[in-house]
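In the numbering used here, the protein residues as written are 16 to 187.
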């Protein structure tokens, strides 16, 4: 199968509008609402997306393209929730920062001149990881969190509407 980084970059760009739509109409009470203690709220998801955008995926793609032998800094998204004080952040401010970072990411990706998508970083535990691998996983990460935010909105509606949602269809 032929690699198609332009498609993936285009989808990352399109997902900016998807994320903007998903996060722009969340009522203030829903920003920190959780369906259970073990689940993330919209604020935590958004803070995570912002951190991943600038400190994980973009950095790994660019580092692997520029110098695949250069060690990647460790990331710990679960620890970032407390370390970066996600629950003390302003949802709307983080939304703006994330959308700005996504615009920057897409611009940087589109400005690349003859990127070597087969450049591979050798992870000490996981082995060879190409720039295209990181790019592909970046888009997959988007889809997972689009699903998560949609699920949060569905669960919030179910919890606050007082109506059974059976007529809508079954959530799977």
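Here a beta-carbon is modelled for each residue, glycine too, at the ideal position from N, C-alpha and C.
Predicted, not measured: the structure shown is a model, and the values here were computed from it.
- Straight-line spacing of the CA atoms in residue 155 and residue 184 works out to 26 angstroms.
- Between the beta-carbon of residue 79 and that of residue 134 there is about 5 angstroms, and that keeps the pair under the 8 angstroms contact cut.
- Pairing residue 65 with residue 116 gives a Cβ-Cβ distance under 8 angstroms.
- DSSP links residue 138 through a beta bridge to 142.
- Annotation for residue 112: 65 place their beta carbon closer than 6 angstroms to its own, counting only its chain and skipping 5 residues before and after.
- Counting only the Cα atoms, residue 129 lies some 40 angstroms from residue 41.
- In the DSSP assignment, residue 44 falls within the unbroken alpha helix (DSSP H) covering 43–46.
- Sorting 60, 77, 131 by C-alpha distance to the C-alpha of residue 102 places 60 at the top.
- Counting along the chain, residue 25 sits inside the alpha helix (DSSP H) bounded by residues 20–39.
- In the three-state reduction of the DSSP assignment, residue 127 falls in the coil class, being assigned neither a helical nor a strand state.
- Excluding its 5 nearest sequence neighbours in each direction, residue 28 has C-beta neighbours in its own chain below 6 angstroms: 121, listed in chain order.
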